[in-house]
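Line order of the protein sequences matches chains A and B.
At position 58 of the first sequence (counting the first as 1) the number is 58 in the numbering used here, and the numbers step up by one without a gap.
At position 77 of the second sequence (counting the first as 1) the number is 77 in the numbering used here, and the numbers step up by one without a gap.
Idealized CB from N, CA, C, for every residue including glycine.
Source: prediction; values computed, not measured.
Structure first, then comments.
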Amino acid sequence: AQKITQTQPGMFVQEKEAVTLDCTYDTSDPSYGLFWYKQPSSGEMIFLIYQGSYDQQNATEGRYSLNFQKARKSANLVISASQLGDSAMYFCAMREGVYNFNKFYFGSGTKLNVKP
Amino acid sequence: EPEVTQTPSHQVTQMGQEVILRCVPISNHLYFYWYRQILGQKVEFLVSFYNNEISEKSEIFDDQFSVERPDGSNFTLKIRSTKLEDSAMYFCASMTGHSLLYYGYTFGSGTRLTVV
Chain A
1 AQKITQTQPG MFVQEKEAVT LDCTYDTSDP SYGLFWYKQP SSGEMIFLIY
51 QGSYDQQNAT EGRYSLNFQK ARKSANLVIS ASQLGDSAMY FCAMREGVYN
101 FNKFYFGSGT KLNVKP
Chain B
1 EPEVTQTPSH QVTQMGQEVI LRCVPISNHL YFYWYRQILG QKVEFLVSFY
51 NNEISEKSEI FDDQFSVERP DGSNFTLKIR STKLEDSAMY FCASMTGHSL
101 LYYGYTFGSG TRLTVV
């Protein structure tokens, strides 16, 4: 079974609108972390936001928020007020266990295009 | 802000040749990683390295691959005899070693390897 599933290969959004990128995960470990990374066309991986499995509240970082639904095992990224610079690939990732040096599992990514 | 530096940014090599990808992790980090991303696909874990030895490796990381930290600052990935299917973006990452699950890795900007 896939550890991380992103079902939207590509998304379009109008500038200034909000967009939700879907992510579901699969783990039996009670301790895990969920991450979103942005990969612009230049290729680097940029950390956006983190949600821990024991966190009671959804994570927010500026225009990014994470809609964490633990029972459904989903961790969707919401980008509010989209900007042209948000056009990029977005990867959901998970790290299992309590140690932050464990490996990441990545999803296949969603390519977001922001239209002017 | 400290960064993980990878060189070269793009390397083209003949099939069957040895290639060494270089990374300079953040200086006080303790854990080091290589991931790869075949074009258009997900990012996949290759290997993690701690205390001068491999701590975990994936099934992708076969005998053709090796890693070392030769001088306390560089972290290298060697592919002994490259194959066409080794063409990918290779990401180096490093990690502080704190025990909190929060921390994401710091990724380098990647080396795009093209095997011809």
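With a 10 Å radius around the Cβ and a threshold of 16 neighbouring Cβ atoms, B:Arg-80 comes out exposed. For the stretch 5–20 of chain A, the set of positions with a beta-carbon nearer than 9 Å to some beta-carbon of chain B reads Gln-6 in chain order. A straight-line Cα-Cα distance of about 25 Å links B:Ser-48 and A:Ser-42. Counting every other CB atom within 10 Å of its CB across the protein chains shown gives A:Lys-38 a total of 16 or more, marking it as buried.
Within the same chain, Leu-21, Asp-22, Thr-110 come within 8 Å of A:Gln-8 by CB-CB distance, once the 5 residues on both sides are set aside. Neighbours of A:Ser-108 in chain B, taken as residues whose beta carbon is under 8 Å from its own, are Gln-41, Lys-42 in chain order.
The shortest C-alpha to C-alpha distance from A:Asn-76 to any of A:Asp-29, A:Met-94, A:Val-98, A:Ser-28 is the one to A:Met-94. With distances taken between CA atoms, B:Asp-62 lies nearest to B:Lys-83 out of B:Lys-83, B:Asn-74, B:Val-12. With respect to the 8 Å criterion, A:Leu-48 and A:Tyr-64 are classified as neighbours on the basis of their beta carbons. A Cβ of chain B is located within less than 8 Å of the beta carbon of A:Gly-43. Remark: C-beta atoms of A:Val-19 and A:Ser-74 do not approach each other more closely than 8 Å. Using a Cβ-Cβ cut-off of 8 Å, B:Arg-112 counts as an interface residue toward chain A, since at least one Cβ of chain A sits closer than that to its own. Bounds of any beta strand (DSSP E) do not take in B:Leu-30, whose DSSP letter is neither H nor E. For the C-beta of B:Glu-59, not a single chain A residue is nearer than 9 Å; the gap to the nearest is close to 13 Å. With contacts defined by Cβ atoms closer than 8 Å, B:Ser-94 and B:Phe-32 form a contacting pair. In terms of Cβ geometry, A:Gly-107 and B:Lys-78 do not form a close pair [threshold 8 Å]. B:Gln-37 sits close to B:Met-89, with the two beta carbons spaced by under 8 Å.
Minimum Cα-Cα distance from B:Arg-69 among the listed residues B:Gln-11, B:Glu-3, B:Ser-9, B:Ile-54 corresponds to B:Ile-54. Cβ neighbours of A:Asp-86 within its own chain (closer than 7 Å, five residues either side excluded): Ile-79, Leu-112, Val-114. In the three-state DSSP reduction, A:Leu-66 falls in the strand class (E or B). Listed as beta-bridge partners of A:Gly-33 by DSSP are A:Gly-52, A:Arg-95. Of all residues in the stretch 89–100 of chain A, only Phe-91, Ala-93, Arg-95, Gly-97, Val-98, Tyr-99, Asn-100 come within less than 9 Å of chain B when Cβ atoms are compared, listed by chain position.
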